[in-house]
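Under our numbering, the very last position in the sequence shown is 201; numbers go up by exactly one each time.
All C-beta atoms in this analysis are idealised placements derived from N, C-alpha and C, irrespective of residue type, glycine included.
Treat the numbers as computed from the prediction; the structure is a model and nothing was measured.
Input: a single structure, listed below in structure tokens.
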Amino acid sequence: MSVTTDVPDDELTIPRAAMNKMIKELLPNVRVANEARELILNCCTEFIHLLSSEANEICNQQQKKTINAEHILMSLDKLGFGDYRADAEAVLKDCKAMAAKKRRKSTRLENLGIPEEELLRQQQELFAKARQEQMLVEQQQWQMLQAQAAAAQQQQQEQQTIDDDEDYS
């Protein structure tokens, strides 16, 4: 089974920095040669390719368009890596819990520490203040228009008076 892509093979690997970090976390007191690190990197990359290809086949057989976690778990079993299934399910559970926690954390209301009722009250006050300010602006505009109209009317009357005086002269 061969997967053809337009991406060069060296771009299809786990970042070396991430791999070095994992090695250091798993084996803190062991020095690992660069050749061994490269071999681990290549093995991990090949394992991921194998697993994702099998998951893709399972996904296609089920006439799905997106590979999901269940496809990956099924591919582990099908490829003979069923021993890893429990660990993979634990990681999946942790990831879902972390994602849910991030979603809950991301709500700004919870981060403010102010009860929702208080925030609603403050919002209503701001709306009322904005309506009041808008009403004052509209009143000022109305008064200005009235003053302009009165000035125009007075000017028109003065012009009429001047025109009437000219007619009698």
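*So, Ile99 versus Ala118, is the Cβ gap smaller than 7 Å?*
No, these two residues do not count as a Cβ contact at 7 Å.
*What is the DSSP secondary structure of Phe217, counted as helix, strand or coil?*
Residue 217 falls outside the range modelled here, since the chain spans only 33 to 201, and no answer is possible.
*Within 10 angstroms of the Cβ of Cys127, are there 16 or more other Cβ atoms? Answer buried if so, exposed if not.*
Exposed, by the Cβ-count rule.
*My understanding is that Leu73 touches Ile46, with C-beta atoms under 8 Å, so please give their C-beta distance in whole angstroms.*
Contact flag correct, Cβ pair sits at about 6 Å.
_Expected contact under 8 Å - CB spacing of Met106 and Ile80 to nearest Å_ = Incorrect: roughly 16 Å between the Cβ atoms, too far for contact.
*Gln154 - DSSP class collapsed to helix/strand/coil*: Gln154: helix per DSSP, three-state reduction.
*Can you name the start and end residues of the alpha helix (DSSP H) that Lys56 belongs to?*
Where Lys56 is concerned, the enclosing alpha helix (DSSP H) stretches over Arg48 to Leu58.
_Limits of the unbroken alpha helix (DSSP H) element including Thr77_ = From DSSP, the alpha helix (DSSP H) with Thr77 extends over Asn66 to Gln93.
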